[in-house]
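Taking it in order: structure first as structure tokens, then the write-up.
Number of protein chains: 2
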Amino acid sequence: MTMAKRDTYTPDSLLAVAVEVFIERGYDGTSMEHLSQAAGISKSSIYHHVRSKEELLRRAISRALDGLFGVLAEPGALQGRAIERLEHVTRRVAEVLMDELPYVTLLLRVRGNTDTERWAMERRREFDHKVSDLLKQAAAEGDLRDDVDIRLATRLLFGMINSIVEWYRPGRGGAVSRDEVAEAVVRTAFSGLRRP
Amino acid sequence: MTMAKRDTYTPDSLLAVAVEVFIERGYDGTSMEHLSQAAGISKSSIYHHVRSKEELLRRAISRALDGLFGVLAEPGALQGRAIERLEHVTRRVAEVLMDELPYVTLLLRVRGNTDTERWAMERRREFDHKVSDLLKQAAAEGDLRDDVDIRLATRLLFGMINSIVEWYRPGRGGAVSRDEVAEAVVRTAFSGLRRP
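Protein chains in written order, with the UniProt record's numbering: chain L, 1 to 196; chain U, 1 to 196.
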């Protein structure tokens with residue numbers, strides 16, 4: 001039995017607590033009871049904010065997806081040669097991932113047992129396809145190496161970007177900064193680690 | 001109640017079944033009962049092969065680690081300029097990951113609640129450090145770009161390699177081959193996706 005505290009949560013602050021619990025226990029392994037304990041408020045207080053656990057998941061995933069799809073609407077993603085747009089998107093996706101770390105982490109871990117999870121996976125695939133299309137355009141414009149398959153290149157690029165969630169923790173003393181990480185991803189992915 | 005079949009398992013074939021269950025349910029979420037059901041033999045038959053669930057984990061992790069550390073002992077990892085050794089190690093680690101896919105997947109997912117898991121994480125860190133040392137040597141020999149931090153480069157390199165477990169499935173029709181994947185990883189990581 002947890003001492004219930006006064007419910008001073010906003011939709012955003014309650015979501016932040018829920019996302020931490022989803023990441024720690026897995027979405028399937030999380031009950032409303034777990035959320036109530038983590039938030040320190042009663043289940044009925046939580047139901048005052050949201051109708052269900054799945055609504056919390058949908059909101060969290062939406063936040064991640066809005067950030068990611070937002071990148072594709074930026075001027076840097078729309079103007080110029082495809083390779084420049086691709087580098088812009090890569091840098092910005094890495095930044096969004098770090099800025100919205102728990103939300104993107106959750107998006108990447110979703111596996112698809114509920115409607116919301118299947119929708120999340122579908123939207124994620126859609127995003128990957130848009131980036132893959134950019135790679136295709138860059139290849140068509142002659143700016144991409146032609147000895148790496150486009151689908152494979154897309155996967156390796158996202159593999160590198162997405163792996164940031166495994167170790168990046170904002171504000172950790174002595175660690176590399178967000179901008180340094182984003183810059184390193186762009187340099188490594190497009191120009192490689194070997195000195196030219 | 002599962003119909004028990006005759007126990008014709010070898011240590012390796014029983015391990016293969018256990019690893020699939022560990023990956024699917026998580027190591028913590030797997031009981032001897034789950035293993036018994038998946039293998040189709042009784043729990044006492046399993047205890048005839050191994051003393052505990054943890055012994056199965058240790059064997060599986062050892063198999064992954066033996067493969068990975070084995071790469072560091074290959075001539076290609078020991079002779080020549082550091083950048084060449086690094087490229088050899090990168091290619092071979094990607095290959096070992098694909099050849100020993102379930103075992104390496106399990107190694108990468110281990111989080112550290114038991115002695116075996118902590119040992120696995122320690123050995124993995126040790127491996128990462130050895131690769132990081134190779135990067136340092138390559139930098140000292142002037143073959144690595146100097147505008148990406150070595151620790152960050154190590155993380156991005158492993159991020160790219162390890163992400164292969166998320167989508168690579170051997171023998172899947174129409175998919176890229178193991179050799180193509182390993183080659184693409186080396187090209188992307190060291191020379192980048194941009195046409196030189």
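Even for Gly, the Cβ is constructed at its ideal location relative to N, Cα and C.
Beta-carbon contacts of L14(L) that lie in its chain and below 6 Å, excluding the five residues immediately before and after: Numbered from its first residue, the first sequence carries residue 14(L) at position 14. The answer, listed in chain order, is H49.
Chain L residues whose Cβ lies nearer than 8 Å to that of I23(U): Sequence index remark: in the second sequence, residue 23(U) carries index 23 (1-based). Those do not exist, as I23(U) stays about 12 Å from chain L at its closest Cβ, beyond 8 Å.
Kindly indicate which residue of R195(L), Q79(L) and L35(L) has the alpha-carbon position closest to the one of V21(L). As a first step, residue 21(L) must be located in the first sequence, where it is residue number 21. Measuring from the Cα of V21(L), the nearest candidate turns out to be L35(L).
Under 8 Å between C-beta atoms of A39(U) and A94(U): Within the second sequence, the letter at position 39 stands for residue 39(U). Within the second sequence, the letter at position 94 stands for residue 94(U). Their beta carbons are not under 8 Å apart, which means A39(U) does not touch A94(U) by this criterion.
Excluding the five sequence neighbours on either side, which residues of its own chain have a C-beta within less than 7 Å of the C-beta of A189(U), listed in chain order? The count along the second sequence starts at 1 and reaches residue 189(U) at position 189. Here the set comprises T90, L157 and M160.
Quick test of your reading: A73(U) and Y103(U), contact by CB under 8 Å. State the CB separation rounded to the nearest angstrom. Taking the second sequence and counting its residues from 1, the one referred to as residue 73(U) is at position 73. Taking the second sequence and counting its residues from 1, the one referred to as residue 103(U) is at position 103. Incorrect: roughly 18 Å between the Cβ atoms, too far for contact.
Buried or exposed for A140(L), going by 16 or more other Cβ atoms inside 10 Å? By 1-based counting over the first sequence, the position of residue 140(L) is 140. It is exposed - the Cβ of A140(L) has fewer than 16 other Cβ atoms within 10 Å.
Test: G67(L) CB closer than 8 Å to a CB of chain U: Position 67 of the first sequence, counted from the start, is the residue given in the question as residue 67(L). For G67(L), the answer is no, since every Cβ of chain U falls outside 8 Å of its Cβ.
Residues near I23(U) by beta carbon distance below 8 Å, same chain, minus five either side: Numbered from its first residue, the second sequence carries residue 23(U) at position 23. P102, T105, L106 and R109, listed in sequence order.
Secondary structure at L107(U), three-state DSSP: helix, strand or coil? For this step, residue 107(U) is matched to residue 107 along the second sequence. If DSSP states are grouped into helix, strand and coil, L107(U) belongs with the helices.
For G171(L) and D128(L), the rounded distance between their alpha carbons: Looking up residue 128(L) in the first sequence gives position 128. Looking up residue 171(L) in the first sequence gives position 171. Roughly 29 Å between the two C-alpha positions.
Can you name the residues of chain U whose CB is closer than 9 Å to the CB of M98(L)? Residue numbering aside, residue 98(L) sits at position 98 when the first sequence is read from its first letter. Annotation: M98(L) has no Cβ neighbours in chain U at a cutoff of 9 Å; minimum Cβ distance is about 13 Å.
For M32(L), I'd like the list of residues in its chain whose CB is within less than 7 Å of its CB, leaving aside the five on either flank, ordered along the chain. As a working note, residue 32(L) is residue 32 in the first sequence. Apart from sequence neighbours up to five positions away, the residues of its chain that approach M32(L) with a beta-carbon distance below 7 Å are K43, I46 and K53, ordered along the chain.
Local conformation of L193(U) per DSSP, three classes: Within the second sequence, the letter at position 193 stands for residue 193(U). If DSSP states are grouped into helix, strand and coil, L193(U) belongs with coil.
When burial is assigned at 16 or more other CB atoms within 10 Å of the CB, is G112(U) buried or exposed? Your numbering for residue 112(U) matches position 112 in the second sequence. Label assigned to G112(U): exposed.
Smallest Cα separation from A175(U): which of D149(L), L57(L), V186(L) and A138(L)? Position 175 of the second sequence, counted from the start, is the residue given in the question as residue 175(U). Of the candidates D149(L), L57(L), V186(L) and A138(L), the one whose C-alpha sits nearest the C-alpha of A175(U) is D149(L).
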